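Residue numbers (our numbering): 44 to 122. What follows is a set of notes on a single structure, which appears directly below.
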């Protein structure tokens, strides 16, 4: 049996703010994966990291880091 090296707890997760609330996410989490945990909607959703809007085509390549501030907005239809 091969023993896996120990990963320090601090390296296993990063702390981010999501819509103003603190959250720990696994290190290496990308914006696309985070948005998927917040809403099943795949259209009508916008996301920003550190006050900069991230185009949907870049969500999968936008890796979240320690202290990032993420805002996820969902369009609501109505009148």
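Ideal Cβ positions, reconstructed from N, Cα and C, are used throughout, including at glycine. None of the values given here were measured: they were computed from a predicted structure.
task: Could you tell me which of 114, 75, 71 sits nearest to residue 85, measuring between CA atoms?
output: As a first step, residue 85 is located in the chain shown; it is residue number 42 there, counting from the start. The option with the nearest alpha carbon to residue 85 is 75.
message: Taking only three categories from DSSP, how would you classify residue 99?
response: As a first step, residue 99 must be located in the chain shown, where it is residue number 56. Correct three-state label for residue 99: helix.
query: Along the chain, where does the beta strand (DSSP E) that runs through residue 107 open and close?
result: Position 64 of the chain shown, counted from the start, is the residue given in the question as residue 107. Note, residue 107: premise wrong, no beta strand (DSSP E); not H, not E.
field: Euclidean distance between Cα positions of residue 69 and residue 88
entry: The residue you call residue 69 lines up with position 26 of the chain shown. The residue you call residue 88 lines up with position 45 of the chain shown. Approximately 22 Å between the Cα atoms of the pair.
- request: Identify the continuous alpha helix (DSSP H) that holds residue 79 and give its terminal residues.
  value: Here the question's residue 79 lines up with position 36 in the chain shown. Per DSSP, residue 79 belongs to the alpha helix (DSSP H) from 74-81.
message: Checking the sheet assignment: what are the DSSP bridge partners for residue 66?
response: One-based indexing of the chain shown puts residue 66 at position 23. The bridge partners DSSP lists for residue 66 are 59.
- prompt: Considering only the beta carbon of each residue, do residue 73 and residue 116 sit closer than 8 Å?
  reply: For the purposes of this step, residue 73 is taken as the residue at position 30 of the chain shown. For the purposes of this step, residue 116 is taken as the residue at position 73 of the chain shown. Not closer than 8 Å, so no.
task: Assign residue 55 to one of two classes, buried (16 or more other C-beta atoms within 10 Å of its C-beta) or exposed (fewer than that).
output: Taking the chain shown and counting its residues from 1, the one referred to as residue 55 is at position 12. Per the 10 Å Cβ criterion, exposed.
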